[in-house]
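Just add 492 to the spot in the sequence shown (first one is 1) and you have my numbering. Encoded as structure tokens, the structure appears first; notes follow it.
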Amino acid sequence: MRAEVTLPVGQQNRNIFRLATAQALAGANSVVFYATGAIVGDVMAPDKALATLPLTIFVVGMAALILPFGALARRYGRRAAFMAGTSTGVLTGLTAAFAVVTSSFWLFCIAGFMSGAYAAVAV
493 MRAEVTLPVG QQNRNIFRLA TAQALAGANS VVFYATGAIV GDVMAPDKAL
543 ATLPLTIFVV GMAALILPFG ALARRYGRRA AFMAGTSTGV LTGLTAAFAV
593 VTSSFWLFCI AGFMSGAYAA VAV
């Protein structure tokens with residue numbers, strides 16, 4: 493067993509601020525993708541019937557990766573799982589931005605899956 497270590501109050505407060513900020517950004521991921529996914533999908537989709545496909549893929553990504561991220565957290569700790577999810581979130585933003593700039597609907601769908609993976613960590 494490990495001995496408990498108490499951090500100084502100032503460091504505790506800074507850690508709380510960092511964690512709250514990270515959790516707020518992770519939670520905002522879903523809202524931003526829900527708000528923009530169908531609009532961007534409608535503009536870029538090869539067929540208007542596919543406009544909401546990125547949102548569907550977002551949900552599939554979240555469902556597919558929530559258990560693997562849970563297993564990662566159980567084995568290596570919550571910090572490792574959150575850092576892996578946050579790294580996925582950074583890649584999501586870059587991929588989605590590139591997809592929009594290049595008007596690549598299918599790449600935007602991949603970004604939707606990755607965004608769901610990021611959301612799986614924030615749940």
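For each residue, glycine too, the CB sits at the ideal point set by N, CA and C. Treat the numbers as computed from the prediction; the structure is a model and nothing was measured.
Exercise. For the alpha helix (DSSP H) that V619 lies in, which residues bound it at each end?
Worked result: No answer is possible for residue 619: it lies beyond the span of the chain, which begins at 493 and ends at 615.
Problem set entry | Which listed residue (A565, V593, G604) has its alpha carbon closest to that of V582 | For the purposes of this step, residue 582 is identified with residue 90 of the sequence shown, where counting begins at 1. The shortest Cα separation from V582 among A565, V593, G604 belongs to G604.
Exercise. So, do the segment 535 to 548 and the segment 568 to 578 have three or more beta carbon pairs nearer to each other than 8 Å?
Worked result: no
Problem set entry | Residues near F590 by beta carbon distance below 6 Å, same chain, minus five either side | Residue mapping note: residue 590 aligns to position 98 of the sequence shown, counting from 1. If we look at F590 and ignore the five residues flanking it on each side, it has no Cβ neighbours.
Problem set entry | Which of helix, strand or coil DSSP assigns to P538 | Taking the sequence shown and counting its residues from 1, the one referred to as residue 538 is at position 46. Three-state DSSP puts P538 in coil, outside helix and strand.
Exercise. Measuring CA to CA, which of V497, A512, L499, G533 is closest to S596?
Worked result: Position 104 of the sequence shown, counted from the first residue, corresponds to residue 596. Residue G533 is the option with its Cα nearest to S596.
For this session: Please state if the CB of G608 and the CB of G562 are separated by a distance shorter than 8 Å.
Result: In the sequence shown, counting from the first residue as 1, residue 562 sits at position 70. In the sequence shown, counting from the first residue as 1, residue 608 sits at position 116. No, the Cβ-Cβ distance between G562 and G608 is not below 8 Å.
Problem set entry | Start-to-end residues for the alpha helix (DSSP H) that takes in A612 | Residue 612 sits at position 120 when you count from the first residue of the sequence shown. That run of the alpha helix (DSSP H) goes 597 to 614.
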